[in-house]
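Here the structure is laid out as structure tokens; the discussion comes afterwards.
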Amino acid sequence: MIHIKTAYPKFRKRTKWLQDKHNSTFIQWLRFKVQSELEEDNHGVSENLRWLAAGPNMAVPLYRSYLIKGIKFNIKAQDDVRTTQNSGVYLLAHTMQVASAKDKNPILSNMGFYGVIQEIWDLDYQKFTIPVF
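Reminder that position 41 of the sequence shown reads as 41 in this note's numbering, one-by-one numbering, no gaps.
As structure tokens, this is what we get:
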């Protein structure tokens, strides 16, 4: 975020604008930063970070269910034909909350999100995979 405040000094006090800009430009910044670091001796960039910055394989497999640490998660369509259902998910996130698009005083706090799994993707980063619900 410091990079964005420096690049756009007239927006440094507009928290929501800065967060939106951060969200929309982060992957490009990360790729550039990792590539720059890799060009230096003793760069210290981990292999996992290198692969994350490169992005996932564009061929993404889809699953109807996925097992993580002994818990099986299903997509909603799979739950509809089963007695035991497990497509509901809950996430508690520390996030910026705004009252409206014009809110100039956003607050950071914990917010709960509930949803139903519609698709399960498995993003392949060459050395590891990340399931996304």
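In this text, a Cβ means the ideal position worked out from N, Cα and C, and glycines have one as well.
query: Starting from ILE71, follow its DSSP beta bridges and name the residues at the other end.; result: ILE68
query: Short of 6 Å in beta carbon distance, which residues of its chain neighbour LEU30, apart from the five on each side in sequence? Order them along the chain.; result: ALA53
query: Residues in the same chain with beta-carbon distance under 6 Å from ILE130, minus the five sequence neighbours each way, listed in chain order, please.; result: LEU123
query: Classify ASP103: buried if its beta carbon has 16 or more other beta carbons within 10 angstroms, exposed otherwise.; result: exposed
query: Indicate whether ASN74 and ILE107 have their beta-carbon atoms separated by less than 8 Å.; result: no
query: Taking DSSP as the reference, what is the three-state secondary structure of GLN97?; result: strand
query: Rounding to the nearest angstrom, what Cα-Cα distance links VAL60 and PHE128 in this structure?; result: 13 Å
query: Does the Cβ-Cβ distance between ALA99 and PHE113 come in under 8 Å?; result: no
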